[in-house]
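Note sheet for the following structure.
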Amino acid sequence: MDYEKFGCTSIHGDFYYYNYNSACRTSGTYALLSSENPIFFRSTISSKTGRKEVFLDVNGLSQMALPQSVRGLSVDGSLFAYGCRKRNTVGWTGFRRMRACSTRNIQTTRELSKDLPEKHKFHSLYYHKLGTDCKNDVLVADFRNNENFMCDGSVTEDGKYLIVGVSKGCDPTNQIYFYDLQAAAKKLKGSSRCLRYLPNLAKYDFVDNDGASALLLTNYNSAMFKLIRVKMNSDAENPSTWETVIEEDPKRKLEWVAPVAGNKMWCPTWRMSRLLSMCMIWKPASCFIRFRFQLARFESFLTPTIIYQADFSKCSSSSVPIQLGPMFILHNKDVVMDGKNPTMLNGYGASTLPILHILPFARPVSAELQWNRGCRYLRVEATNVFDDFIAAAEYLIDNKWTSPEKLAIHGGSNGGLLVAACSQQRPELYGAVLNRVGVLDMLRFHKFTIGAAWIPEYGNPDDANDFEFIYKYSPLHNIRLTKDVQWPSTLLMTGDHDDRVSPLHTLKYIAELYHFLKTEAAGWQKNPVLARIEINAGHGAGKPTTKVIAEIVDMYCFLQRTLGMEWKD
1 MDYEKFGCTS
11 IHGDFYYYNY
21 NSACRTSGTY
31 ALLSSENPIF
41 FRSTISSKTG
51 RKEVFLDVNG
61 LSQMALPQSV
71 RGLSVDGSLF
81 AYGCRKRNTV
91 GWTGFRRMRA
101 CSTRNIQTTR
111 ELSKDLPEKH
121 KFHSLYYHKL
131 GTDCKNDVLV
141 ADFRNNENFM
151 CDGSVTEDGK
161 YLIVGVSKGC
171 DPTNQIYFYD
181 LQAAAKKLKG
191 SSRCLRYLPN
201 LAKYDFVDND
211 GASALLLTNY
221 NSAMFKLIRV
231 KMNSDAENPS
241 TWETVIEEDP
251 KRKLEWVAPV
261 AGNKMWCPTW
271 RMSRLLSMCM
281 IWKPASCFIR
291 FRFQLARFES
301 FLTPTIIYQA
311 DFSKCSSSSV
321 PIQLGPMFIL
331 HNKDVVMDGK
341 NPTMLNGYGA
351 STLPILHILP
361 FARPVSAELQ
371 WNRGCRYLRV
381 EATNVFDDFI
391 AAAEYLIDNK
401 WTSPEKLAIH
411 GGSNGGLLVA
421 ACSQQRPELY
431 GAVLNRVGVL
441 DMLRFHKFTI
451 GAAWIPEYGN
461 PDDANDFEFI
471 YKYSPLHNIR
481 LTKDVQWPST
491 LLMTGDHDDR
501 VSPLHTLKYI
511 AELYHFLKTE
521 AAGWQKNPVL
531 ARIEINAGHG
541 AGKPTTKVIA
551 EIVDMYCFLQ
561 RTLGMEWKD
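When the letters of the sequence shown are read in order and numbered with my numbering, they come out as residues 1 to 569.
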């Protein structure tokens, strides 16, 4: 982890922008693409010499005003704004802005209200004019009929429309609202309100606008998704007026769509055994991206990060099949299939987030389990996900990749729920469990931090029907011991400032687990059960490199001791 890092380049105005980190720096975090405070560089697009200049050195800012991931450059590159917070506080408390041409701050921190509520309820969207008092901000959208509605806003590339997305937590359906900025002379006033144009019938992802029409990726009557064009007028609520641009393929999911040049889109499609990517022409000059050269970041299990530049003006429609399976297994080429290999099985398990977990360990075997169940509720699929994970562990054991005493399982956040539930159902299958910031109290998850937003995914414990299902697998409420069966060696990890999954999940679980092991298994339990509480740390994103290294060292040492791994120089 202690090596120089480069972020992916973006284009704003006449410059390329990217972040850079030499190695372990000293303070908190800013960018999503770096684990430490980066230095932001830029170079002119026309530069042939590769010369660059420092745009912003985050490490030179006040320790009491650390940048957050709330940040952005204007399309023309003239202004840069970023959110701030005070050290050891949760959330962001204000913002700064600077003129990109001079790379100097032009306004001191704008403090937000000190009375921000702790609970994530009654979200609203405001329009703020630079240089004015926050008290004069214009309310654009609020949804008082449901306290759990969440909203976000963005302006189309041509600056003509404001697009507002509204969803109920993790509910896979959402609503879309719009405001015609051109008709309002690109100004929002106190009486401004967005007009709804798509009802809450399906999932809609805004891709781009084609004049007065919106291009949307949706699963409306199309489980594998399709691309539609919707006119942003009073008829837009009527699905019969929608035009299909890319039809649904019942065998391949249209994963996402991105405009990449003046008349092309990049459309990756997916199915369990095939990944298909293509560029497709949809209308000349209807995309407002200025540059034909686009930049993409690529990395894989065996390939370090590479930043590619592609000239999409020379792109034609194509597809490249890549054979994929539901589980990746990585190992040294000289691995011996004797059941003695220390192995890590990683999983996340949320049906809408197929995340690859990659731990930078020099271990003989790594298995990454993927799910292809699509966007379905965990209230329906939860036990299937647990069964899949257990089946993957059994596969690794039955095929002599490893053995129970050499198998570790790892998961974070929702993956923490996954490994906790699986270790309780089949404790004899695993030698070690690494559980990071797990969601473990499934009967009260919705009462803390952003937990209420997960009700569409997990179900509502306050509802009698959902309660019965959730209670059956809630890790905190299903700790059961079998006589003479060892509870697997377990390391639970959390951060004391986690505002996503409250540390109370880990603290309550470790207390309950200790109680059971002490009162019911004192005569036979030998495996260690530990909790690691990170001070001044959150859910994990943007954690300083020094803290990341310290956490990995502790995890690796725990596995070395519990799995009997041998150190090799």
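C-beta atoms are modelled at their ideal positions from N, C-alpha and C, and glycine is treated no differently.
Quick caveat, the model's predicted, so the values are computed rather than measured.
Check	Outcome
Neighbour-count burial assignment, Asn19, 16 or more Cβ in a 10 Å radius	buried
Top-ranked residue by Cα proximity to Tyr509, from Ala236, Glu520, Ile455, Val439	Val439
Span separating the alpha-carbon of Tyr126 from that of Phe149	15 Å
Reference Leu434; option with closest CA among Leu517, Phe469, Gly347, Thr449	Gly347
Residues near Phe558 by beta carbon distance below 6 Å, same chain, minus five either side	Leu491
Limits of the alpha helix (DSSP H) - the one that Tyr458 falls within	455-458
Closest Cα partner of Gly159 within the set Ala212, His120, Pro475	Ala212
Residue burial classification, Pro342 (beta-carbon count within 10 angstroms, cutoff 16)	buried
Helix, strand or coil at Lys518 [DSSP, three-state]	helix
8 Å contact criterion, which Asp441 and Ser474 should meet: CB distance rounded	7 Å
6 Å Cβ shell around Glu394 - same chain, five flanking residues per side excluded	none
Nonlocal neighbours in the same chain, by C-beta distance under 7 Å from Gly169, ignoring five residues either side	Asn148, Met150, Ala452, Ala453, Trp454, Ile455, Pro456
Coarse secondary structure for Ser10, derived from DSSP in three states	strand
Candidates Phe328, Val501, Leu513, of which the one nearest Phe448 by Cα	Val501
Selection from Asp249, Tyr17, Tyr430, Arg532 that minimises the alpha carbon distance to Ala550	Arg532
Contact under 8 Å by Cβ, Asp496 with Glu534	yes
Closest Cα partner of Thr582 within the set Ser222, Gln182, Lys135	Residue numbering for the chain in the displayed model covers 1 to 569; residue 582 lies beyond these limits and cannot be assessed.
Ile479 and Phe516 closer than 8 Å at C-beta	yes
Residue range of the alpha helix (DSSP H) that includes Thr305	Element bounds for Thr305: n/a, residue is neither H nor E.
CB contact flag (Pro488, Ala432, <8 Å)	yes
Check whether Gln486 and Lys526 have beta carbons under 8 Å apart	yes
Residues of its chain near Lys231, where Cβ-Cβ distance is below 7 Å and the 5 sequence neighbours each way are ignored	Ala212, Ser213, Thr241
Span separating the alpha-carbon of Phe15 from that of Glu566	50 Å
Option nearest Leu227 by Cα separation, candidates Ser300, Asp249, Asn238	Asp249
Beta-carbon proximity of Ile470 to Leu513, cut-off 8 Å	no
Which of helix, strand or coil DSSP assigns to Ile163	strand
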